[in-house]
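Trainee: First the structure, which I've put down as structure tokens, then a few questions once you've had a look.
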Amino acid sequence: MAEKRDYYEVLGVDKTADEKEIKKAYRKLARKYHPDVVEEDKKEEATEKFKEISEAYAVLSDEEKRQRYDQFGHAGMEGFSKEDIFRNVNFEDIFQGFGGGGIEDIFDLFGFGTGRSRSRS
């Protein structure tokens, strides 16, 4: 398994970045790498990048998780499951008005699918 990159580096922000700067950086990168907006031949790479970006945002946008990450790095996140990491992230707010398949597609990327099938027109 590849070594995880620094979350601040992933989002392209300084360690002193405030919540607004982190959210802005995340939205910009998420729009660029969202699997629904990239060309088909780049979808697999974009999906992995999008997961990395989303995980970084989920940690850095949560005050408690960010403090643990700042103190212990990725080792501080070892006690958290993926569900814990993404628990307090409001993707509806972040992706409001964002093109693509909707919030269900984002959760499907991380294995948290709703179990519902949708038809596309």
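To convert, count from 1 in the sequence shown and add 942; that's our numbering.
No residue lacks a Cβ here, since even glycine has one placed at the ideal position from N, Cα and C.
Less than 8 Å between the beta carbons of Y999 and Y968, yes or no?
Mentor: The answer is yes: Cβ separation under 8 Å.
Trainee: Could you compute how far the alpha carbon of E994 sits from the alpha carbon of D978?
Mentor: Each residue's Cα considered, the two are about 16 Å apart.
Trainee: Could you tell me the alpha carbon to alpha carbon distance between L953 and D983, rounded to whole angstroms?
Mentor: If I take the Cα positions, the gap works out to 24 Å.
Trainee: Can you tell me whether H976 is helix, strand or coil according to DSSP?
Mentor: Coil at H976, not helix or strand.
Trainee: Quick one: is H1016 buried, meaning 16 or more other Cβ sit within 10 Å of its Cβ, or exposed?
Mentor: Looking at its Cβ environment, which holds fewer than 16 other Cβ atoms inside 10 Å, H1016 is exposed.
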